Structure formats: C-alpha cells, structure tokens
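Below: one structure, written as structure tokens.
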Amino acid sequence: MQLAMFLLFTLSQLTGTLLEYSYDESGKIVFMEVVNTTIGYDTLVQNVENLGFEKVEEGYEEQGFSKEASFMLYNKRISKVPHGRLNYNVQIEVKGNRYRYVITDLIFHEYERNRYGRYEEKRNGQMALEPLLADADKQWEKHKQTILKKMESEVAILKSEIVVIPVEQEQKSKVKINDNW
Amino acid sequence: MKNRNILSIMALFLSFSVAFAQEDVEETESSAVTVSGSVDAYFRTNLGAPNKMPGVIDGTAPGTSFANRPGFSLGMVNLILAKEGKKAGFVADLVFGPRGEDAVFGSPMNAAVNGSFGGSAQIVNQLYAYWNVSDNVTLTMGNFNTFLGYEVISPTANFNYSTSYMFSYGPFSHTGLKADFALSDDMSAMVSIMNPTDMTEFNFVSTYTLGAQFGIKGVYFNFLYGDQDGKLDEDLDTDGDTSAGSTFQGDITAGFDLSDKLFLGLNATYNSTGTGEIVNGTTIEDVDGDAAGFYGLAGYFQVATSDALSLGARIEYFQVYNGGLGVIGLDADGDGSVIDVTLSAQYKVGDLTIIPEFRLDSSSEDSFTDSDYLPTKSLSSFVLAAVYSF
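So the sequences go chain by chain: G and U.
For the first sequence, our numbering assigns the number 27 to the initial residue and increments by one for each residue that follows.
For the second sequence, our numbering assigns the number 945 to the initial residue and increments by one for each residue that follows.
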C-alpha cells in the first residue's frame, strides 16, 4: 500500500502541471487551475488545513483557504548570491470533490549586503513582480524562467499532497525471540 | 514478490528522476558558501593646494580614512565568503590593498607577537560565526564591523567615496560576543561584550567594552562603554605610567525615504574619554581634569535622477574638545572644529559604480596647506572613484 502511494506520488510529480504566465484583468500575474479529484470534500478540506493554510471562508459545501509563501532568487556571479525573496499568496477554494488554487500577489523583496557582510532585505526594496518581468534584463529573463519552474514544482507538490488519503498506522508485528528457530 | 521488486525499482528510478528534475529547477535554494565582494580604485587631487609635500609622502588631504592618497590610487579587493544557514552561519570578510590595510590597522597585534609582519591576520576585516538561536535571537562571536556610525568600510555601501570624520575616528571593528534581538518588524536590540575597540585579534589589556543598540523604524541608538587601554597595576607599572579612563560613545543613525527618489540620512555622535590614572611613586592616582573627545553631526542627502544616476551631498560638522584628537588644528584649549561638504554623483553601469566627488573641508584652525605651502584653514579636493561589486 505504501509502495503504491509512493509510486502515485512520484508519478504525479513527473506529470506536474506546465504553467505559463497569465494575467488577470488588473494586470496581475495569476497562476490558477481547477482540479477535480476522486477524494471527498472532508478529506480535501482536512488536507488543505494540514498543509498550513488558514481558513478565510467558511461554508457547508465550500471553503476558502489562504497561505503566504516565498522562495529566494539568486544571482549567479562567482557563486550564487541572494538577489531577493519572492513572496506570493496561495488561495485554495474547495467545492465538493474539486478545488481551485490561485497564486497571485507576487512581490519581490530585494536583498543587499548589510554592514556585517550578510545579505538582508533592502529597506524599501520591495517591488511588484509584473513591471520587473515586463522590462526584464538578462538577469530577470533568467528569473522569469526560474520562477515558472519553481511554481510548477510548488504546484506539483501541492497537487500531490492535497489528494493524499490518510493511511491508518499499520500495527507493527511483534517479534518474539525464542529457542525454537 | 518479483512484481513487488520491479515496482520498487521503478519507484526508485522515478524518485531519482523527480530529484533530477527538481535539481534542474533549483535556482532557488542555496546552502553553499557564497562568494561576493568588491574592487575599488580612485584618482584624487587637491584643488588650489599641492599634491606633493616636502617630507610628507602622501601630501595634504582631509584627515579622514581612505581616499586620501594623491593621484591614481588603489582602494582594495574585498572578498566575502559567507554561509548563511538557517540555524548557523559564518562570514569571512577579507581585505587586500591600501583601503583594507587602513581598515584593519589594529591587526598587526598577532604579527607583532609572532614576529611575522605581513602575515594573514592582517587581511581579516570580519571573521565571525553566528547561531540563530530562534527566529528572534542571534548570537555572534568573532570580529565584526562596528554597529556605530552611518558609514562603513566597504565602498559599496557608502554613497560618498571619501569618508566622514565621525566614521574615521569612531570604531571600525570589534571582536567579541553579541546577541541580536528582533523585537518586531520595526524594532531591534543588540547587546555585546567586546575587546577594546579595534583590538580585533586578541585582548592584551584585560578590560572589556560593552556595546548596546536599540533600533526602531530605521533609527538606531548606539552605545559603547569601556576602558580601551586597560587599568594600571601597582605591581607592574612604574612611576609616571598613565592610562586613559573609560571611553563612552553615544551615537544615533537614521535613514528616511522622503519620497521614491529622495533619501535623507542622519548621524550624530558623542565620544568622551576620561582622564584616567597615573602611577605616582608606587601608588595609582586618578588624574585631575576634564574628559576629552569629539562630537559631530552629519546629514546625507541623496536624490535618484534616473535608474543609473544619483546625486548626493554629505554635510558634516565635527568638533574636537580638550585635545581629544589631533587630526585637525586645535586652539590653545585643545578645541577645534571642521565642516566638510562633499558632493558626489553615482553613475551605475551594471555592477560598476563611477563616483565623481567634490569635497570642501573648512576648519576653525589651520589644518591644511595652501599652494604656497603655508598653513590654511580649508582644502578643496576632487575624487573620481570606480567601485565594482561582484
């Protein structure tokens, strides 16, 4: 059973969603998809909560969740050095046995070295991602692809973990050592 | 059983494939040691004053650190190796070249003990390891640049290439143990116990200096207190030996974004060292008199005219009292002051920053030399610097 679950998980990773940049009516980047599942509403809701999402919309057959997430972007120089952190919001709405994820509000927080030689967030160095990608230089062209790949990876993980069916703990068989071997 | 083995092998293969696929994606995580730093060089000339001085190899220049040699001159190579782990990390900040040598001027201590001048201890600007005890508390031990003052040793973090008097005569570096506390998004605190200032390799005077910092919304209140040259000892020191008293320095730094394009930075500092003690015969006595030191105030104005070009001005007033420093001309009471105005532009070409800079130093007493090689109260100079970050 565990092996089958593992196989299912790895297969779902390999067949992860290929994303592309899409924009809502106000020009904000949005990654969004409606996903049908074969598991029940209650399990879906439970799994979303287990993934650390906060409930923002309560309903009998429909619930909404939200979570802030982020990852680092690096510049390649002599070594990889932090360029900044990309913060974004993930919303999940569960309806019946399907759910919809919406990833938006992508904000780039630029990093710089402080007086002690450590990288930290630059004061007032936060910018919406959209204009940075619209006017992308060589570095941001690379980041554009990195962000897409990272989002694909995050979505693949989200999609695999959101449909996990809780497995009851198997009773470990007790081994009795005796002389009759 | 056989099918189960095949499934296991397939799963293993698929998991490796996933791992490989993710490796390809992983531009986003780094647990490796980062290498970064800067390289800088400059040209400097006095305006209306000689660059060549009889008996003084580096001519007349403002009495501030770095960027004070005539002609085409070298700054430094700054090489920073760092590992920023979630729980712990380190920074090894190494400096090579004249600016670096001036920055670590207190470092030949180890070489003096070993008789090995020119050894590797003299390239260490910072060397520390830290432990993030929790999300809000970080413990750091080793040699770190000072928390006092507005300007720093690295030319990449300063707007003006030349430095202020307050920076030059405040501490550069400390060696010790500090605890940083993130009290909230806008508030921070730090306490530290350190060797005397700039005694970065070890402590041979057996007194320690205490440091503290409180920060709120970009305004930092910094404090330093301790005996910098140790206490006299009746069994060791002989008649006439003296020791300065404890040094206190209080300092405020602040930065405000007045608009998207306009920035204002402020620094004020007050430094005072007690008169200390003297060995009189076989007894140690306190020395009568007033404390000596300096104080000052500086404003930093910067305006971004485009993504590539920014203009900035530093205006500093610096006062020495009771002969606290001999870096500018002083009157009979040991008092003297200087006002320096520095106008700089920063033009960025990729990772290169070009900084042309005009500077005027005007002091209350004669501190410089004019074109007739006579003492004068003011000095104008021009600097063109190239700073490359990597």
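No residue lacks a Cβ here, since even glycine has one placed at the ideal position from N, Cα and C.
Fair warning: this is a prediction, and the values are worked out from it, not measured in the lab.
**Asked** Between the C-alpha atoms of G:I129 and G:I55, what's the straight-line distance to the nearest angstrom?
**Response** Looking at the backbone, the Cα of G:I129 and that of G:I55 are separated by about 8 Å.
**Prompt:** Do U:V982 and U:N1022 have their C-beta atoms closer together than 8 Å?
**Reply:** Looking at the sequence itself, residue 982 of chain U is Ser, so the reference to Val does not match. In contact: U:S982 and U:N1022 (Cβ atoms closer than 8 Å).
**Asked** Hey, how far is the Cα of U:T1182 from the Cα of U:T1219?
**Response** In a straight line, the C-alpha of U:T1182 is about 18 Å away from that of U:T1219.
**Minimum Cβ-Cβ distance from U:D1201 to chain G less than 8 Å** = It does: the Cβ of U:D1201 has a partner Cβ on chain G nearer than 8 Å.
**Request:** Give the secondary structure of G:E84 by DSSP, where H, G and I count as helix, E and B as strand, and everything else as coil.
**Result:** Coil at G:E84, not helix or strand.
**Prompt:** Between U:T978 and chain G, is there a C-beta pair that is closer than 8 Å?
**Reply:** Closer than 8 Å to some Cβ of chain G, the Cβ of U:T978 qualifies, so yes.
**Message:** Here's a check: name, in chain order, each residue in its chain whose Cβ is nearer than 6 Å to the Cβ of U:M1053, leaving out the five neighbours to either side.
**Reply:** Contacts found: E1145.
**Message:** Quick check on U:D1037 - is its C-beta less than 8 Å from some C-beta in chain G?
**Reply:** Judged by the 8 Å Cβ criterion, U:D1037 is in contact with chain G.
**Message:** On the DSSP letters alone, give me the boundaries of the alpha helix (DSSP H) that G:K168 sits inside.
**Reply:** Run containing G:K168: 164-188, per the alpha helix (DSSP H) assignment.
**Request:** Kindly indicate if chain G contains any beta-carbon less than 8 Å away from that of U:G999.
**Result:** No, U:G999 does not count as interfacial toward chain G.
**Request:** Excluding the 5 residues preceding and the 5 following U:A1065 in the sequence, name in chain order all residues of the same chain whose CB lies nearer than 7 Å to its CB.
**Result:** Excluding residues within five positions, the ones whose Cβ falls inside 7 Å are S1051, N1054, A1055, E1145.
**Item:** Helix, strand or coil at U:G1044 according to DSSP, with G and I counted as helix
**Value:** In this structure, U:G1044 counts as helix in the three-state DSSP scheme.
**Asked** Looking at the structure shown, is U:V1149 part of a helix, part of a strand, or coil, going by DSSP?
**Response** In this structure, U:V1149 counts as coil in the three-state DSSP scheme.
**Message:** Considering only their Cβ atoms, is the gap separating U:Q1157 from U:N1166 smaller than 8 Å?
**Reply:** Result yes, Cβ atoms of U:N1166 and U:Q1157 sit closer than 8 Å.
**Cα-Cα separation, U:I1298 to U:A1329** = Taking the straight line joining both Cα atoms gives about 6 Å.
**C-beta atoms of U:L1168 and U:T1153 nearer than 8 Å** = U:T1153 is positioned such that its CB atom lies closer than 8 Å to that of U:L1168.
**Asked** In this structure, does DSSP put U:P1099 in helix, strand or coil?
**Response** Here DSSP, grouped into helix, strand and coil, assigns U:P1099 to coil.
**Prompt:** According to DSSP, is U:M1134 helix, strand or coil?
**Reply:** Assignment of U:M1134 by DSSP, reduced to helix, strand and coil, places it in the strand class.
**Request:** Determine, using beta carbons only, whether U:N1215 comes closer than 8 Å to chain G.
**Result:** Taking 8 Å as the threshold, the shortest C-beta distance from U:N1215 to chain G does not fall below it.
**Asked** Name the chain G residues that come within less than 9 Å of U:E1028, Cβ to Cβ?
**Response** Within chain G, the residues near U:E1028 are P108, R144, Y145.
**6 Å CB neighbourhood of U:G1278 in its chain, flanking five on each side removed** = Take U:G1278, set aside five residues on each side of it, and the residues of its chain with a beta-carbon closer than 6 Å to its own are N1266, G1267, in chain order.
**Request:** Could you check how far apart the C-beta atoms of U:L1025 and U:V979 are, in whole angstroms? I think they sit under 8 Å.
**Result:** Contact between U:L1025 and U:V979 is confirmed by a C-beta separation of about 6 Å, below the 8 Å threshold.
**Item:** Integer Cβ distance of U:G1086 from U:Y1072, believed to fall under 8 Å
**Value:** U:G1086 to U:Y1072, Cβ: 3 Å. Contact.
**Message:** Check whether chain G comes within 8 Å of U:N939, counting only Cβ atoms and requiring the distance to be less than that.
**Reply:** Look at the range of chain U in this structure, 945 to 1334, and you will see that residue 939 of chain U is not part of it.
**Request:** Please check if any C-beta of chain U sits within less than 8 Å of the C-beta of G:S186.
**Result:** No, no contact with chain U.
**Request:** Under 8 Å between beta-carbons, which chain U residues line up against G:I104? List them in chain order, please.
**Result:** Going along chain U in sequence order, the residues near G:I104 (Cβ under 8 Å) are V979, S980, F1334.
**Item:** Contact with chain G by U:I1222, beta-carbon distance below 8 Å
**Value:** Output row for U:I1222: interface = no.
**Request:** Write down the C-beta distance between G:E80 and G:K93 rounded to the nearest angstrom, noting that I regard them as a contact closer than 8 Å.
**Result:** Contact flag correct, Cβ pair sits at about 6 Å.
**Request:** State the beta-bridge partners of G:N140 as determined by DSSP.
**Result:** Partner(s): none; G:N140 has no beta bridge.
**Prompt:** Pick from U:A1212, U:S1254, U:L1180: whose alpha carbon is nearest that of U:D1204?
**Reply:** Closest option to U:D1204, Cα to Cα, is U:S1254.
**Request:** Return yes when the Cβ of U:G1243 is within less than 8 Å of the Cβ of U:I1222, no when it is not.
**Result:** Result no, Cβ atoms of U:I1222 and U:G1243 do not sit closer than 8 Å.
**Request:** Return the CA-CA distance between U:F1103 and G:H109, expressed in angstroms with no decimal places.
**Result:** Per the coordinates, the alpha-carbon of U:F1103 lies some 20 Å from the alpha-carbon of G:H109.
**Prompt:** Of all the CB atoms in chain U, is at least one closer than 8 Å to the CB of G:N115?
**Reply:** No, no contact with chain U.
**Prompt:** Cβ of U:V1331 less than 8 Å from any chain G Cβ?
**Reply:** With 8 Å as the cut-off, U:V1331 does not count as an interface residue toward chain G.
**Prompt:** Quick one, which of U:A1212, U:Q1290, U:D1046, U:A1047 has its alpha-carbon nearest U:Y1239's?
**Reply:** Comparing Cα positions, the closest option is U:A1212.
**Item:** Residue interval of the alpha helix (DSSP H) (run including G:D68)
**Value:** Unbroken alpha helix (DSSP H) run through G:D68: 67-76.
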